[in-house]
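Only one structure is covered here, and it is reproduced in the block below.
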Amino acid sequence: MLQRLFPHPLLSLLLFVTWMLLVNTFKIGSLVMAGILATVIPLLTAAYWTNRPKVRNIPAFAAYVLLVLWDIIIANIQVAKIILFYRSDQIKSAWIPVPIDLKTPEAITLLAGTITMTPGTVTADMSSCGRVLLIHSLHAPDPDAIRDDIKSRYEARLKRIFE
Amino acid sequence: MLLIAEYLIAALLVIGGIFAVIGSFGLLKLRDTMQRLHAPTKATTVGVGSALIASMAYFWLFQGVISWHELLITLFLLLTAPITANFLAKAQMHLAIAEKDLPPSGVGTQWATYDEELRTVAPTLEDQPKS
Chain A
1 MLQRLFPHPL LSLLLFVTWM LLVNTFKIGS LVMAGILATV IPLLTAAYWT NRPKVRNIPA
61 FAAYVLLVLW DIIIANIQVA KIILFYRSDQ IKSAWIPVPI DLKTPEAITL LAGTITMTPG
121 TVTADMSSCG RVLLIHSLHA PDPDAIRDDI KSRYEARLKR IFE
Chain B
164 MLLIAEYLIA ALLVIGGIFA VIGSFGLLKL RDTMQRLHAP TKATTVGVGS ALIASMAYFW
224 LFQGVISWHE LLITLFLLLT APITANFLAK AQMHLAIAEK DLPPSGVGTQ WATYDEELRT
284 VAPTLEDQPK S
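Chains as they are written, first to last, in this note's numbering: chain A, 1 to 163; chain B, 164 to 294.
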C-alpha cells in the first residue's frame, strides 16, 4: 500500500522539501500542498522511472556531496590562480579521454557533472558506446595524472554508492 | 557580536565580487572558446555561493528570519551549470573542432558528437535496456 502510494520515496521527499523551501515560511496550508505534490507527481511520472538505480549507501552519498562541495571551492581558487598569474602561452590545455567503469546512466551523469564543477576540467562528450568520457582540461601538464585522479577520487566513490 | 557578523558578511560579499570579476576577466584573457568555458563554470560558483551565504546570514542575524531560497538557488545552480557547460562544449565541437583534432576514444568507437547514426536516431523509452 505504502509502496503503491509512494513509488519513489526519495523523489517524494525531494519534492516535499523543495516546495517547503520555495514557500519560505512555515504554514499548515503549504504543508498540505507539499504533501499533495509529493504524492501526485511521483505517481504521474512513475512510468518514466522504470530502471532507476537505488542509492545503496546514503551516508557515502552525503560524504560524496561534501567532498564535491569542498573540491568546488578548491577548483575555484585554482582556476582563479591560472587566470590571474599564468601567461596565455603557459596554459597547456588538453583533451583527455577517461575510460569509465560505471554502468548506470544516472551515475555517469553525476560523474560528468562532478568533473565539470571541479579542478579545471569540463566534460565535453562521450563515446558512442558510452564507455569513455571526453574531458577538456584548462591546464594539464600531466593528463594521465588528471585521468587517474578522476578515476580514484570520484568514480570509485560513485561505484560504491550506485553499483 | 553583530559587528563581527557585519564584517563577516561584508568580507563574503567582497570575496564573491572578486571571484565574479576574475571569472569575467578570464573570458577576456583566455585564448580559445574551450578555455574560456572554464572561467564562467568555475570561478563564478564561489562568487555566487559566497553572495548567497552572505544573504542568508544577513536575513538570519539582522532581520530575524531564516531565508531558505538561497539553498534552492545553490541547488539549481549546481544542477544547471554542468549541463550549460556541456551544451556549450558540444556546440563548439560541432562548429569549430574537427574529429581529427581530438584524441581517439581508445575503445574503437567514435565520440558521440561526430557519430552520424546517433545524430539521426532520437532515443525513445523502448530503447532503454531492461534490467
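Each residue gets a CB set at the ideal place from its N, CA and C atoms; glycine is no exception.
- Contact between K192 (chain B) and S88 (chain A) holds: their C-beta atoms lie close to 7 Å from each other, under 8 Å.
- Judged by pairs of C-beta atoms under 8 Å, the region 97–117 of chain A does not touch the region 255–264 of chain B, as fewer than three such pairs exist.
- The shortest C-alpha to C-alpha distance from D149 (chain A) to any of A:E163, A:G130, A:G120 is the one to A:G120.
- I135 (chain A) is not a Cβ neighbour of V79 (chain A), given a cutoff of 7 Å.
- Against chain A, the beta carbon of A244 (chain B) has neighbours under 8 Å at T116, M117, listed in chain order.
- Chain order gives the chain B residues near H136 (chain A) as M197, A252, where near means a beta carbon separation below 7 Å.
- For T237 (chain B), the uninterrupted alpha helix (DSSP H) segment begins and ends at 232–259.
- Listed along chain B is no residue with a C-beta nearer than 9 Å to that of S30 (chain A); the closest approach is about 12 Å.
- Interface annotation, S93 (chain A): in contact with chain B, CB-CB separation under 7 Å.
- Rounded to whole angstroms, the separation of the alpha carbons of A254 (chain B) and F26 (chain A) is 44 Å.
- Between T276 (chain B) and D125 (chain A), the gap from beta carbon to beta carbon is short of 7 Å.
- Annotated three-state conformation of H136 (chain A) is strand, per DSSP.
- Neighbours of G113 (chain A) in chain B, taken as residues at a C-beta separation under 7 Å, are given in chain order as P245.
- Proximity of chain B to S88 (chain A) at the Cβ level (cut-off 8 Å) is accounted for by K192, L193, R194, in chain order.
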